[in-house]
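Asker: Numbering of the sequence shown is given in this note's numbering, commencing with residue 333 and proceeding in unit increments. Pasting in a structure now, in structure tokens, and then I'll have a few things to ask.
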Amino acid sequence: MKLSTKYFGEIDYGEEDVIRFPEGIFAFEEEKEFVLLPFSGSDGTLLCLQSVATPQLAFVVMNPFALHLEYAPVLQPEELEGLGVKDSRELCYYVLCVVKNPVSTSTVNMKCPVAINDETQTGAQVILDTDEYGMKHLLSEFQAGEGSSC
Numbered sequence: 333m334k335l336s337t338k339y340f341g342e343i344d345y346g347e348e349d350v351i352r353f354p355e356g357i358f359a360f361e362e363e364k365e366f367v368l369l370p371f372s373g374s375d376g377t378l379l380c381l382q383s384v385a386t387p388q389l390a391f392v393v394m395n396p397f398a399l400h401l402e403y404a405p406v407l408q409p410e411e412l413e414g415l416g417v418k419d420s421r422e423l424c425y426y427v428l429c430v431v432k433n434p435v436s437t438s439t440v441n442m443k444c445p446v447a448i449n450d451e452t453q454t455g456a457q458v459i460l461d462t463d464e465y466g467m468k469h470l471l472s473e474f475q476a477g478e479g480s481s482c
């Protein structure tokens, strides 16, 4: 299938690439289907969460473990159930990034990650019940980590 994207032009994708967000993404609840696309030259740390329905709707997301090795999101039981898992560690996580110029002023939202069950291709954006993470961390606050999002 063909998909028009915000950053990559037209691409080919398969049904198996689609991640379904039953509740959508915060402020975009009507958008239910997305694909994750790596940016060229990225080692998988920086990706694009592209809407299938709306070509101009795409979020820059990052692997939070590459920023903070000790990142430990804990989801509520109903969130885990909705994603079809029993433990938060069974999920892949990505944090939304607001890219600014200069890049040193770019921020990430560590409080509201996107959680994905990569076996069922089901996702949800969640709000972590902790004060440890904020919604606006400067990228410059972090030292490069080597963690995996899955």
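Backbone N, C-alpha and C define an ideal beta-carbon position, used for all residues, glycine too. Since the structure is predicted, the reported quantities are computational estimates derived from the model, not experimental observations.
Is GLY341 helix, strand or coil when you go by DSSP?
Answerer: The answer is strand: DSSP assigns GLY341 an E or B state.
Asker: Where do the ends of the alpha helix (DSSP H) carrying LEU415 lie?
Answerer: From DSSP, the alpha helix (DSSP H) with LEU415 extends over 409-415.
Asker: Hey, which unbroken runs of the alpha helix (DSSP H) at 4 residues or more fall wholly within the segment 341-386?
Answerer: Counting whole runs of 4 or more residues, the segment 341-386 contains no alpha helix (DSSP H) stretch at all.
Asker: For my contact list, LEU379 and ALA390 are in at a C-beta cut-off of 8 Å; report their separation, rounded to the angstrom.
Answerer: The pair is not a contact, with the Cβ atoms about 10 Å apart (cut-off 8 Å).
Asker: Just to confirm, are LEU460 and THR439 a CB contact at a threshold of 8 Å?
Answerer: Contact: no.
Asker: Within 10 Å of its beta-carbon, does GLN388 have 16 or more other beta-carbons around it, so buried, or fewer, so exposed?
Answerer: Exposed: under 16 other Cβ atoms inside 10 Å.
Asker: So ILE343 packs on GLN453, CB below 8 Å; how close in whole Å?
Answerer: So it is not a contact: roughly 17 Å between Cβ atoms.
Asker: Rank ASN449, ASN441, PHE474, ASP450 by C-alpha distance to the C-alpha of MET467 and give the top, closest one.
Answerer: Of the listed residues, the one whose Cα sits closest to MET467 is ASN441.
Asker: Using the beta-carbon count (16 or more within 10 Å), is ALA385 buried or exposed?
Answerer: With fewer than 16 other Cβ atoms within 10 Å, it is exposed.
Asker: How big is the Cα-Cα spacing for LEU415 and LEU423?
Answerer: Approximately 9 Å between the Cα atoms of the pair.
Asker: Taking ALA398 as part of the alpha helix (DSSP H), name the residues at either end of that continuous run.
Answerer: Segment 396-399, the alpha helix (DSSP H) holding ALA398.
Asker: Around the C-beta of VAL367, are 16 or more other C-beta atoms found within 10 angstroms, so that it is buried, or is it exposed?
Answerer: VAL367 comes out buried.
Asker: List the DSSP bridge partners of VAL430.
Answerer: For VAL430, which the question treats as bridged, DSSP gives the partners THR439.
Asker: Report the partner residues of SER336 according to the DSSP bridge assignment.
Answerer: Looking at the DSSP assignment, SER336 forms a beta bridge with GLU342.
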